[in-house]
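Visitor:
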Amino acid sequence: MTTDALLNALTAETAAIGTFSTLLGEEQQALVNGTLDALPDLTERKTRAVAELSALGRERDAQLKALGYSPDEAGATAAAAADAKVDTAWKALLSAAAEAKRANDTNGLLINTRLTYTQQALNVLYGPGNNTPLYGPDGRTTPRSSGGSVTA
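Quick note: the sequence shown, position 37, residue 37 per UniProt numbering, numbers continuous.
(1) Could you check how far apart the C-beta atoms of Leu23 and Ala49 are, in whole angstroms? I think they sit under 8 Å.
(2) Quick check on Leu67: does DSSP put it in helix, strand or coil?
(3) Taking the alpha-carbon of Thr19 as reference, which of Trp90, Leu42, Thr2, Arg60 has the nearest alpha-carbon?
(4) Only counting the same chain, and skipping five residues up and downstream in sequence, which positions put a Cβ closer than 8 Å to that of Ala152?
(5) Buried or exposed for Ser21, going by 16 or more other Cβ atoms inside 10 Å?
(6) Quick one: grab the DSSP three-state call for Gly18.
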């Protein structure tokens with residue numbers, strides 16, 4: 001059995017990781033620019049990309065197994081050590097995956113920052129330790145008293 005099918009699987013998976021990284025870049029821009037209405041579509045596209053990556057990972061593992069290697073990172077590393085072309089393709093995949101992980105981590109931080117900001121804004125509107133909103137539906141402030149008259 002030749003390594004051609006494994007090389008094809010590695011190349012396809014690397015390309016799919018590149019597509020996923022592009023989506024992460026779009027997501028990052030939406031988070032930075034505040035164009036949050038783009039996020040639902042991006043999330044849907046990312047979900048499809050992750051499903052494709054999962055299928056491609058299973059294909060890579062199947063090709064490794066067909067060549068007599070374990071269907072995991074250790075098997076891919078062993079196959080890479082045995083063939084220069086596989087080594088190049090495997091290193092390209094690992095590099096693409098590391099780049100995608102960095103982008104995903106950055107997006108996670110951006111999302112966390114936005115959530116913190118939103119929570120702080122809600123705290124301002126609701127006031128500390130009070131469930132009554134500071135502003136009513138009409139945009140006017142709501143009275144905050146214990147029920148007694150200030151003149152009594």
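Backbone N, C-alpha and C fix where the C-beta goes; we use that ideal spot for every residue, glycine too.
Guide: Reading from the atomic positions:
(1) Ala49 and Leu23 do touch by the CB rule: their CB atoms are close to 6 Å apart, below 8 Å.
(2) Coil at Leu67, not helix or strand.
(3) Taking only the C-alpha atoms, the option nearest Thr19 is Leu42.
(4) Note that Ala152 has pLDDT 48, beneath the 50 cutoff, so the model's placement of it is unreliable and the number below is only indicative. Counting only residues of its own chain and dropping the five nearest sequence neighbours on each side, Ala152 has no CB closer than 8 Å to any other CB.
(5) Only buried fits Ser21, as 16 or more other CB atoms lie within 10 angstroms of its CB.
(6) In the structure shown, Gly18 falls within a helical segment according to DSSP collapsed to helix, strand and coil.
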